[in-house]
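Residue numbers for the sequence shown follow this note's numbering, beginning at 2 and rising by one. Note that beta-carbon positions come from the ideal geometry of N, C-alpha and C, so glycine has one too. No experiment lies behind these values; they were computed from the predicted model shown.
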Amino acid sequence: MPLQTGIIYGPVRSRRLGASLGVNLLPTHYKLCSFNCLYCQYGWTPKPTLTINDHARELPRGAEVSSALEERLQGAVKRKEKIDCITFSGNGEPTLHPELADIVAAVRALRDRYLPKAKLAILSNSSTVGRAEVREALAALDLRLMKFDAGTEDIIRRLNGVPAPFYIGEVVAGLKALKEVILQSMFVQGRVANTDPDSLEYWLEKVREVRPTLVQVYTLHRPPAEKRLWKVNLPTLQWIAGQVRWRAGVP
2 MPLQTGIIYG PVRSRRLGAS LGVNLLPTHY KLCSFNCLYC QYGWTPKPTL
52 TINDHARELP RGAEVSSALE ERLQGAVKRK EKIDCITFSG NGEPTLHPEL
102 ADIVAAVRAL RDRYLPKAKL AILSNSSTVG RAEVREALAA LDLRLMKFDA
152 GTEDIIRRLN GVPAPFYIGE VVAGLKALKE VILQSMFVQG RVANTDPDSL
202 EYWLEKVREV RPTLVQVYTL HRPPAEKRLW KVNLPTLQWI AGQVRWRAGV
252 P
C-alpha cells in the first residue's frame with residue numbers, strides 16, 4: 002500500500018471507525034516506526050527506532066498540522082461531508098512525534114469547533130505507552146486502539162520486529178495505566194505464528210492483566226510485507242474471540 006502523501010488524508014472507510022479522516026504526523030516519503038511488523042500494509046520499516054532525533058526535521062510541526070486540519074474541516078463542513086472519526090495514524094507510529102500532546106490538544110479544539118460529534122482516535126503499536134507524556138496525550142483522545150499481538154517478548158520481536166531493548170512488562174504496565182483501552186491483535190500463520198496453544202495462553206494472560214474495554218482480533222486483510230505469512234481462518238478467529246470473552250472477561 003502506498004504511503005500517505007500529506008498530513009491529512011481520507012476519509013477512508015474503516016471497519017472499526019466508520020468514515021475516518023487520517024492525521025499523519027510522520028514523513029511522507031518513508032515509513033518512520035518503532036516496529037517492523039511482518040504484516041504491515043506499508044511494507045518494511047527502513048530502520049525501526051524508538052527515538053526521532055535523526056528525523057525531527059522531517060516531521061510536520063504542530064502549526065502545520067493545525068493549519069492543514071482546519072482547512073480540511075472547513076471544506077468538510079461546507080460540503081456536509083460525513084466524518085465519523087479523526088484518527089492519528091499515517092506512515093508509522095504517531096506517538097513518536099515530540100509535540101504529540103500539544104497536537105492532540107489543538108486537534109481536539111478544532112474537532113470541537115467544526116465537527117463536535119466526531120470521535121478522536123489513535124492507532125498505535127503500544128511501543129511508547131510506558132512513557133508518561135505519551136499516556137497523557139492518549140488520555141485526551143476518545144478512542145485508544147492499541148496494538149498487542151503476543152504475550153511474550155520472543156514472538157513480539159519476531160512478528161513485530163521491535164528494536165532492542167524492548168520489555169513487554171513496561172508495555173503491559175503502560176496499557177494498564179490508560180483508561181478504556183481497546184486492544185487490537187493480529188493473528189497470522191507462516192514464517193511466524195501466534196496461534197499455537199502456548200502463544201495464545203501467554204497472550205490471554207497479558208490481556209487479563211491489562212483489562213481492556215474491548216479486544217479486536219483479526220487477520221490479514223491487505224498484502225503483508227512478508228510474503229511467507231498468511232491469514233488464519235474465520236473459525237480460528239472466532240475461537241480466539243470466544244476465549245477472550247470466556248477467560249479474560251472482555252467483549
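Within the stretch 177-201, the runs of beta strand (DSSP E) that reach at least 3 residues and sit entirely inside it are, in chain order, 182-187, 189-191. The bridge partners DSSP lists for residue 34 come to none. By the neighbour-count criterion, in which 16 or more other beta carbons inside 10 Å mark a residue as buried, residue 239 falls on the exposed side. Across the set 133, 251, 234, the C-alpha of 251 shows the shortest separation from the C-alpha of residue 183. Straight-line measurement puts the Cα of residue 25 at about 15 Å from the Cα of residue 102. In the pairwise beta carbon analysis, the stretch 73-90 is classified as touching the stretch 105-124: at least three pairs are separated by under 8 Å. Straight-line measurement puts the Cα of residue 162 at about 24 Å from the Cα of residue 133.
From the listed residues 115, 126, 216, the smallest Cα separation to residue 158 is found for 126. The beta-bridge partner set that DSSP reports for residue 219 consists of 187.
Here DSSP, grouped into helix, strand and coil, assigns residue 19 to strand.
Assignment of residue 157 by DSSP, reduced to helix, strand and coil, places it in the helix class. For residue 140 against residue 180, the beta-carbon gap comes to about 7 Å, under 8 Å, which counts as contact. Distance from the Cα of residue 30 is smallest, within the candidate group 36, 20, 43, for 43. Note that the C-beta distance between residue 201 and residue 241 is below 8 Å. Scanning 114, 7, 109, 90 for the CA closest to the CA of residue 61 turns up 7.
In the three-state reduction of the DSSP assignment, residue 252 falls in the coil class. The distance from the Cβ of residue 195 to that of residue 150 is about 6 Å, consistent with a contact at the 8 Å cut-off. It is roughly 13 Å from the alpha-carbon of residue 47 to the alpha-carbon of residue 55.
Ranked by how close their Cα comes to the Cα of residue 53, the residues 72, 71, 33, 45 have 33 in first place. By the beta-carbon neighbour count (other beta carbons within 10 angstroms, threshold 16), residue 168 is exposed.
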